[in-house]
Each structure stands twice: as structure tokens, then as C-alpha cells.
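S.K.: Residue numbering for the sequence shown follows the working numbering, beginning at 169 and increasing consecutively.
Okay, handing you the structure first.
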Amino acid sequence: MKKFMPNLLFLLFMGFVGQAHATPSTTLWIPSVDIQSYGVWHFGVDTYTSVATKAEDGGRMFPVDYGLTVGVAPFEKWGMEVGIDMFESSDYPWYLNAKVALYEGAFGDWSPALAVGGYTIGTETDNTDYNIMYVVAAKKFGGIGRITVGYFSGNEKLLVDKDGKKDNTGLLASWDLQVTEKWWLAVDYMGGKSAFGATSFGFAYAASENVGLLFGYNIYADNDIGGEKMNSNTLEFNLDVNF
């Protein structure tokens, strides 16, 4: 499923940095093994907002992510995508991402999908260059769905906990299920207690062959990063268009 991405969203809002989740193809919050097909462009608009929370308790609307991704590898067994994101309003809005993926079943029914990539590659040194690199593997299990596991590592100067201590590595995991041709469900997890650490769940609906809508909820590992209640849990809505 292509939605999206992080929560440095609260930092964006406060103007401490320029961004959030510069997004490759994802499950909900974490990068997935999915990849854009060769020559297919994807435009996405991702919004994040707190729900039923007063401003004094951390309620806010976060910068909107406008992302463009394209598949660039015309091969049968593996693919590659590259993308750029603009988060507005923010001081440094531009972020890059890229991913190379080996398709599931490339070497037989036993072989899982495998992807390596990077995202939140910002333009300001030690300000927006979170530079999260990751590897994920995934396998489908019939009607049970698809299980994904992986690992990430990012800039230790920026991926920190609420006390400013580095927390720049961790586990990636997800479950997703294509319920029908139009409906899809997922839960995912990103480890650590930096602003990226979160558990997310949601669903998507294919409005047409090329247009999808995704609704999710992100529960962050620590709501007090950047100040008490500053890292509020968020409702996300994504509009995705392939062309």
C-alpha cells in the first residue's frame, strides 16, 4: 500500500526544524517493501492533526506533506523508486527519499520481498538531515496477511529522546491485509522514543484504479518530546494519485 511516513511534525509546527516524514512507499508510518512500478508517478498529500485535544494540551494542525515519487527501474525481479517531499509551512521544506526493492518470489515461492532505502534526507546539516536508513523484509501468508520486519538507523544528533540522548536506531514491524480489491487494513510499529517512535493503525480505500484514500491514527512512544504534551498523537489522512 502506498500512503506515504515521521513525527518530527511537532518540531515543524514549533519551527525548530524544517520537516517531518519525507516519505517513500510505506505501510502507515514505516517504510514498506512496496515500490512504484517503472514509469509510474505517485503524487500524495498527507495531513496530520491532533483530535479532540485542546491547544493547551498539545492540540494542533501540523505541516502538510506534498510528495512526488516515481519508479525508475524496468526490471522483473527488482525495482527502484526516488522521491521528493515538500512540507509546508516550514522553514526548510525539501526532503528526498529513495528505495531499492527485491520483489517477493523473485527467486521462488520461498523468497520474501526485501527493500533497502533512506528517507528524511533534508537539506540543512544537523537541522533537517535525519537521514534514516533502513532495511525491511516481508512475506505474505495467505489470508493472514503480510508480515514485515526490519531495522533503521538515523542521524544521532537529531533522533533523540526527550532528554536529548541519542535514540537513533530501532525495530520496524508491520502487519497488513488486502481485505478486498478496494479495502486494506494495517498496523505498524517504529521503535525508540525519539519523535519517530510510534505505533500506528489504519485503513485505506481505493476510490478508483489510480486514486486511494487512507485514514490512520498514530500513537507516539513519548508525547512529551519538545515539551509537555507537545508530541501529540495524530489522525492522518492521505490522498494518493498514481499517473
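We put the beta carbon where it would ideally sit given N, CA and C, even for glycine.
How is Ile312 classed by DSSP in three states: helix, strand or coil?
M.R.: Here residue 312 refers to the residue found at position 144 of the sequence shown. Helix at Ile312.
S.K.: Looking at C-alpha atoms only, which residue of Val328, Ile289 and Phe371 is the closest neighbour of Thr348?
M.R.: As a first step, residue 348 is located in the sequence shown; it is residue number 180 there, counting from the start. It is Phe371.
S.K.: Rounded to whole angstroms, what's the CA-CA distance from Gly262 to Tyr234? Just pull it up for me.
M.R.: By 1-based counting over the sequence shown, the position of residue 262 is 94. By 1-based counting over the sequence shown, the position of residue 234 is 66. Reading off the sequence shown, one finds Trp at residue 262, where the question assumed Gly. Taking the straight line joining both Cα atoms gives about 10 Å.
S.K.: By the three-class DSSP mapping on this structure, what secondary structure does Ala124 have?
M.R.: No answer is possible for residue 124: it lies beyond the span of the chain, which begins at 169 and ends at 411.
S.K.: Determine the burial state of Phe255: buried for a count of at least 16 other Cβ atoms within 10 Å of its Cβ, exposed for fewer.
M.R.: Taking the first residue of the sequence shown as position 1, residue 255 is located at position 87. By the 10 Å Cβ count, Phe255 comes out buried.
S.K.: If you draw a straight line from the alpha carbon of Gly186 to that of Phe364, how long is it in whole angstroms?
M.R.: Walking along the sequence shown from the start, residue 186 turns up at place 18. Walking along the sequence shown from the start, residue 364 turns up at place 196. Because Gly186 carries a pLDDT of 28, less than 50, the predicted location of this residue cannot be relied on, and the following value inherits that uncertainty. Roughly 15 Å separates the two Cα atoms.
S.K.: Between which two residues does the beta strand (DSSP E) carrying Ile387 extend?
M.R.: As a first step, residue 387 is located in the sequence shown; it is residue number 219 there, counting from the start. Per DSSP, Ile387 belongs to the beta strand (DSSP E) from Val379 to Tyr388.
S.K.: By Cβ distance, which residues of its chain are closer than 7 Å to Glu324, with the 5 residues on each side in sequence left out?
M.R.: Position 156 of the sequence shown holds residue 324. For Glu324, where only same-chain residues beyond five positions count, the Cβ hits under 7 Å are Lys334 and Asn336.
S.K.: Give a yes or no on whether the C-beta atoms belonging to Thr194 and Ser400 are separated by under 7 Å.
M.R.: Within the sequence shown, the letter at position 26 stands for residue 194. Within the sequence shown, the letter at position 232 stands for residue 400. No, these two residues do not count as a Cβ contact at 7 Å.
S.K.: Between which residues of its own chain and Leu196 is the CB-CB distance below 6 Å, once the five residues before and five after are set aside?
M.R.: If you number the sequence shown from 1, residue 196 lands on position 28. Closer than 6 Å at Cβ, skipping near neighbours: Ala354, Asp356, Ser368, Gly370 and Gly384.
S.K.: Rounded to a whole number of angstroms, what is the C-alpha to C-alpha distance between Tyr206 and Pro242?
M.R.: By 1-based counting over the sequence shown, the position of residue 206 is 38. By 1-based counting over the sequence shown, the position of residue 242 is 74. Whole-angstrom Cα-Cα distance: 5 Å.
S.K.: Please determine, among Asn378, Lys308, Asp392 and Asp253, the residue with the shortest C-alpha to C-alpha distance to Val328.
M.R.: Numbered from its first residue, the sequence shown carries residue 328 at position 160. The candidate whose alpha carbon is nearest that of Val328 is Asp392.
S.K.: Grab the span of the beta strand (DSSP E) containing Gln346 for me, first residue to last.
M.R.: Start at 1 with the first residue of the sequence shown, and residue 346 comes out as number 178. Per DSSP, Gln346 belongs to the beta strand (DSSP E) from Thr337 to Gln346.
S.K.: Could you please give me the residues that DSSP links to Thr221 through a beta bridge?
M.R.: Mapped onto the sequence shown, residue 221 falls at position 53. Paired residues: none, contrary to the question.
S.K.: Could you give the distance in angstroms between the alpha-carbon of Thr293 and the alpha-carbon of Gly251?
M.R.: What you label residue 293 is simply residue 125 of the sequence shown in a count that begins at 1. What you label residue 251 is simply residue 83 of the sequence shown in a count that begins at 1. In a straight line, the C-alpha of Thr293 is about 20 Å away from that of Gly251.
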